[in-house]
Amino acid sequence: MSIEYKNHEFDVIVIGAGGAGLRAAIESARSGVKTAIISKSLLGKAHTVMAEGGCAAALQNADPRDNWKVHFHDTMKGSKWLADWKMAEFHAKEAPERVRELEQWGAVFDRTNNNLINQRNFGGHTFPRLAHVGDSTGLEIIRTLQEKGIHSGIDIFMEYTVTDLFKDNDGKCIGCIGYNRVDGEIHTFSAKSIILATGGITRCWSICSGSWEYTGDGHALALKAGAELRDMEFVQFHPTGMVWPPSVRGILVTEGVRGEGGRLLNSENERFMFNYVPDMFAGDHAETIEESNQWVEEVVSGKLATVRRPPELLTRDVVAKAINSEVKAGRGSPHGGAFLDISHRGEEAILKKLPSMHHQFKELAGVDISKEPMEVGPTAHYVMGGIRVDAKTQESCVPGLFACGEVASGLHGANRLGGNSLSDLIVFGKRAGEFASKNAKGKSQPIIDEDEIQKAANKILAPLMNKEGENPGKIYDELRDMMQENVGIIRTKEEMVSALTKLNEFEERQKNTFSGTSRKYNSGWHQALDLNNMIIVSKAATLAALTREESRGGHTRDDFPTPDDDYWGQILNIIWMDDGEVKIKQEEKEEMRDDLKDAIKEVKAIIAERAAEHGGEK
2 MSIEYKNHEF DVIVIGAGGA GLRAAIESAR SGVKTAIISK SLLGKAHTVM AEGGCAAALQ
62 NADPRDNWKV HFHDTMKGSK WLADWKMAEF HAKEAPERVR ELEQWGAVFD RTNNNLINQR
122 NFGGHTFPRL AHVGDSTGLE IIRTLQEKGI HSGIDIFMEY TVTDLFKDND GKCIGCIGYN
182 RVDGEIHTFS AKSIILATGG ITRCWSICSG SWEYTGDGHA LALKAGAELR DMEFVQFHPT
242 GMVWPPSVRG ILVTEGVRGE GGRLLNSENE RFMFNYVPDM FAGDHAETIE ESNQWVEEVV
302 SGKLATVRRP PELLTRDVVA KAINSEVKAG RGSPHGGAFL DISHRGEEAI LKKLPSMHHQ
362 FKELAGVDIS KEPMEVGPTA HYVMGGIRVD AKTQESCVPG LFACGEVASG LHGANRLGGN
422 SLSDLIVFGK RAGEFASKNA KGKSQPIIDE DEIQKAANKI LAPLMNKEGE NPGKIYDELR
482 DMMQENVGII RTKEEMVSAL TKLNEFEERQ KNTFSGTSRK YNSGWHQALD LNNMIIVSKA
542 ATLAALTREE SRGGHTRDDF PTPDDDYWGQ ILNIIWMDDG EVKIKQEEKE EMRDDLKDAI
602 KEVKAIIAER AAEHGGEK
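For reference, each letter of the sequence shown is one residue, going 2 to 619 in our numbering.
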């Protein structure tokens, strides 16, 4: 029996309506092609809003010493030198223009005394570089892009989940299929270009900042369509997610808190980050509490810093591992984290610079951050890995399939610097939209094979055909707990081998779930379908982590604690799918251009000179 569906035809389809998807759709529509966005949830409900602290761009408004070369250096260094240097170059050079563009479109950034866009300090950034709107930067960017988007002639399909991509006989991506989450109707979309902007995978862990949409849909769609993934072992555990009380567990405390002078303390009231400065950052950060406090005083008063920044502003991977170490040593907070204290800045300053943080935790948790510390700890927040794309065009190895934002890989390597995600999505969202529209122009509307449509539609309805079986919600919770336990912030071979075995078991159980028979408002059915993607991306992350026998950035092996620069520092893990099986191979990273090597040397010399002036090591 043939399954009924509704068909739609567009030039460019953008799957995902966060910052990257919106920016891509705007650029596509501006080029004159017929563009649509398919959003899993309501417009405006995106992980972009969790990026609260700021958008990284070398505007030079807070410190004239900043420039694209320093931003490029910081990004490469933060990535532990595994970032795609071509993407890092595009990003560092183009981010200022993209931020100013947002301002022209109506984004209301905080201002300096000279009425320029203000910029704050963040971990891993040499200079204050993050353009911000208090602690609601991501929300303001989403608001601005939505406002621009709705006047750009973009068609929007809200509360639709895409389950499969279609290709023609030449291997080109020509469309997709999905269902309306409200009424359960099936829809196909014919398109000349498709852009994946679906975000990340962090819902695969039980303690995470991601909401229910973050089930790795784009990663899985790309794999099943023949695209490759890279860097999937590198999952960023944000160091400061709330661990107590339960009402706010997993909610992020923006890095802006530390950028404004927040102090990390253990149960002995010790500022422990001074004990965890890695060799590669030696001399870059304050070595005494006095120097650290002086930096805060200078920065919050609007002066250029004359001393080094506090070690609390080390990169996220370093801070997360330090908190984890303190907990294991018995010096953690009562609920398994550390204390983050910003109260010394006073209520007036906190209400001005961190209003959302203050309101949110006071209302939801009864914690007044202007008077008491927060209990924070690592929470799964961002995946550096994703679809392998061309740096210039954002096209994958599948012709006609593009990706941007968190679902794409390359810019962040082994570790993402805070603030780079927001500039990533506007820089590469713009590029994806530009080149996807160029790819679409002049082509006839593709026709999707009817047999392929019926096959994909049957997959969508399969969970509804079961007469009995497990509750998909039970498998969903068990999978997340398993990933938290076995493929979390600290990993071992034995745990990850066990995880792969359990993931195979989850795969079999997922096929036999029972979620009822109704298509309308059936969250159990939706969850059963999401599980398929979660299992695929969990396998990809686990296999990559098992293969990389070293510790680097967001990947820490307890059985291989030392970075191996000679081998693994030169190697990328590439994931692909063969006949439904997730597989892995290694490739050497591409040699950087000489002029960019010279730029890095130039920046290193400047940083070393400053460190020497401040009494640090060269």
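Don't be surprised by glycine CBs; every beta carbon is placed ideally from N, CA and C.
The Cβ-Cβ distance between His336 and Val236 does not fall below 8 Å.
Taking each of Gly420, Glu186, Asp599 in turn and checking the Cα distance to Thr162, the smallest one comes out for Glu186. Phe238 is not a Cβ neighbour of Ala339, given a cutoff of 8 Å.
For Cys405, the closest C-alpha among the options His359, Gly20, Gly107, Leu44 is that of Gly20.
Per DSSP, reduced to three states, the secondary structure at Phe429 is helical. Considering only Ala228, Ile38, Glu364, the residue with the shortest C-alpha distance to Ser153 is Ile38. For Tyr161, the enclosing beta strand (DSSP E) starts and ends at 161-168. Annotation for Val236: the continuous beta strand (DSSP E) segment containing it runs 236-245. Here DSSP, grouped into helix, strand and coil, assigns Asp342 to strand.
Classified as buried, Tyr383 has 16 or more neighbouring CB atoms from the shown chains inside 10 Å of its CB.
When secondary structure is reduced to three states using DSSP, Glu486 falls in the helix class. A straight line joining the alpha-carbon of Trp569 with that of Glu550 spans about 8 Å. Judged by DSSP in its simplified three-state form, Thr189 adopts strand. The C-beta of Gly33 has fewer than 16 other C-beta atoms within 10 Å across all chains shown, which makes the residue exposed. Per DSSP, the unbroken beta strand (DSSP E) holding Asn8 starts and ends at 7-10. Ala458 sits close to Ile178, with the two beta carbons spaced by under 8 Å. In the three-state scheme derived from DSSP, where H, G and I count as helix and E and B as strand, Asn181 is classed as strand.
When the alpha-carbon of Lys540 is set against those of His556, Gly555, Gly517, Glu582, the nearest one is in Glu582. DSSP links Arg558 through a beta bridge to Arg492, Phe561.
According to the DSSP secondary-structure assignment, Asp156 is paired through a beta bridge with Ala37. Secondary structure within the stretch 248-280: the alpha helix (DSSP H) runs of 4 or more consecutive residues, fully enclosed, are 257-260 (chain order). DSSP, reduced to helix, strand and coil, places Trp82 outside both helices and strands of the structure shown, so it counts as coil. When the five nearest sequence neighbours on each side are left out, the beta carbons in the same chain lying within less than 6 Å of the beta carbon of Asp218 are those of Thr199, Asn534, in order along the chain. The continuous stretches of alpha helix (DSSP H) do not include Trp577, which lies in the beta strand (DSSP E) extending over residues 572-579. In the structure shown, Arg112 falls within a strand segment according to DSSP collapsed to helix, strand and coil.
In this structure, DSSP gives Phe73 a helical state, which the three-state scheme calls helix. A Cβ-Cβ distance of about 18 Å is found for the pair Ser422 and Ala26, leaving them out of contact under the 8 Å criterion. In its chain, beyond the 5 residues on either side, His48, Gly200, Gly201, Ile202, Thr203, Arg204 have a beta carbon closer than 7 Å to the beta carbon of Tyr215.
Here the stretch 464-484 lies against the stretch 512-524, with 3 or more beta-carbon pairs under 8 Å apart.
Under DSSP, Gln105 forms no beta bridge with any residue. Restricting attention to Ala366, Val538, Glu327, Lys586, the CA atom closest to the CA of Pro246 is found in Ala366. Here Thr518 carries a coil assignment [DSSP, helix/strand/coil]. Within the model, the alpha-carbon separation for Lys442 versus Leu44 is close to 27 Å. In terms of CA proximity to His359, Gly257 leads the group His413, Met385, Gly257. Closest in alpha carbon position to Met483, among Thr502, Pro473, Asn472, Val308, is Thr502.
Counting C-beta pairs closer than 8 Å gives fewer than three between the stretch 75-89 and the stretch 443-454, which falls short of the contact rule.
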